[in-house]
Amino acid sequence: MSNQNRSWVLGIICVIGAQFLFGTTFAFNKWVMNHNIDPIALGFARASLASVFMAPFFWSARNTTRWTPKDWRRVVFIGLGLNAVAIICEYMGTNFTSASNATLIIATESVFSVFLAVIILKETLHKQTVVGGVIALAGVALVMFRDIMHFEVHGGAGLFGDALVVASVVCWGLFTILSKKLLNHSNPIYTLFFINIFASISLGIVSGTQGTLAPMLEMDAYTWAAVLYLGLICSGGGFLLYFTALKLLPASIVVLTLTLIPVFGVVFSIGLLGEVLTLPQIIGGTSIICGVTYAMWPREAQKVVSEDALIGP
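Going by this note's numbering, the sequence shown runs without a break in its numbering and finishes at 314.
As structure tokens, this is what we get:
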């Protein structure tokens, strides 16, 4: 086997592994929160553990990047602000809605990133993106159909959770676009390490103020194992595999594999949590996957955004 073929095989293994880990996070997040763990406290634990995992890789890359004061202001804003808000919306939303709904809605993040790139970066909007985006958004409406039909006006309603997950998708899209200028001249691991550090500080302050960190000290061994898996393996290891795949494979191929996340996510939601999909969810999930795939199908005009498509979970 040639070196190029070996690189492709390794890249495919890495990207499938990354999407598998990202996909499992929703079911495990929900499982941990079902054990009376606060969503924001869980976000703090995951961001902190991911920083611990990345520390050795950051140390080896510490001399590869030099930021200007403007770059530091950007990374502080992304970490303390956007990343923290995205995590809060995603985790709190998952707490109120089903893990299946959360993973299917989050799958539209790459499409939102492209639309935001058009608005913020003045990139060209293509018909293929519009058609794929409309199909994906129609799928989101179907996924939310049951919660819409059982509309309740209170914070614990499923529709409220769906809305929070949609808000997190917008935040993750902004996160991707604003990270682009940093990643154009920065080592990805170096950048992601500091973003995680600042996010953990922000989430830690919120959790400490609410007094929700103490219950984590009383978690049983199974819950601790799940939290360690989410922080070290999913957040830390998942991003390492993802960026390795970006080095070995065309970015357009890597982005197309994002459609595997809802597949893995739904399978684990059914297996771990016993969730049952309704017909609208099945049709909506299929529409989301098809719409995202069509919108993100390899095209030179979108490769720049694709290379920096950092994923939320």
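Ideal Cβ placement from N, Cα and C applies to all residues, glycine included.
Annotation: the segment 37-91 contains no complete segment of the beta strand (DSSP E) (minimum length 3 residues). Considering only Lys-71, Phe-176, Met-220, the residue with the shortest C-alpha distance to Val-115 is Phe-176. In the three-state scheme derived from DSSP, where H, G and I count as helix and E and B as strand, Asp-221 is classed as coil. In the displayed model, Met-297 falls within coil according to three-state DSSP, outside both helix and strand. Cβ contact annotation for Ile-206 (same chain, cutoff 8 Å, sequence separation greater than five): none. The shortest CA-to-CA distance from Pro-281 to any of Val-144, Glu-219, Leu-241, Gly-133 is the one to Val-144. In the three-state DSSP reduction, Thr-95 falls in the helix class (H, G or I).
CA-to-CA, the gap between Ile-13 and Gly-212 works out to about 43 Å.
A Cβ-Cβ contact shorter than 7 Å links Asn-188 with Thr-66.
Under the three-state reduction of DSSP, Ser-288 is assigned to helix. By alpha-carbon distance to Pro-40, the top candidate from Val-77, Thr-98, Trp-68, Trp-9 is Thr-98.
DSSP places Ile-198 in the uninterrupted alpha helix (DSSP H) bounded by 189-211. The beta carbon of Val-16 is closer than 6 Å to those of Ala-246, Val-255, Thr-258 in its chain, skipping five residues each way along the sequence. In this structure, Ala-118 places its C-beta atom within 7 Å of the C-beta atom of Ile-178.
Going by beta carbons, Thr-210 and Val-170 fall outside the 7 Å limit. One alpha carbon belongs to Tyr-92, the other to Arg-74, and they sit about 26 Å apart. Residue state for Asn-185 is assigned as coil, using DSSP reduced to three classes. Contact between Val-53 and Ile-106 does not hold, since their C-beta atoms are separated by about 29 Å, which reaches or exceeds 8 Å. Within the same chain, and ignoring the five residues on either side of Ala-87 in sequence, the residues whose Cβ sits closer than 7 Å to its Cβ are Ser-169, Cys-172, Trp-173, Phe-176, Gly-313. In this structure Trp-32 is not in contact with Ala-226, their Cβ atoms being roughly 11 Å apart against a cut-off of 8 Å. In the structure shown, Val-277 adopts coil according to DSSP, grouped into three states. Comparing alpha-carbon positions, the option among Phe-21, Leu-11, Ser-8, Arg-7 lying closest to Ser-270 turns out to be Phe-21. For Lys-128, the enclosing alpha helix (DSSP H) covers residues 128-144. Counting along the chain, the unbroken alpha helix (DSSP H) around Ser-101 starts and ends at 100-107. Residue burial annotation: Ala-56 is exposed, with fewer than 16 other C-beta atoms found within 10 angstroms of its C-beta. Linking Thr-287 to Gly-140 through their CA atoms gives a straight-line distance of about 7 Å. The straight-line gap separating the alpha-carbon atoms of Thr-25 and Ile-198 is approximately 23 Å. Nearest neighbour of Pro-263 by Cα position, chosen from Ala-164, Thr-104, Phe-240, turns out to be Thr-104. Between the alpha carbons of Met-220 and Val-277 lies a gap of roughly 28 Å.
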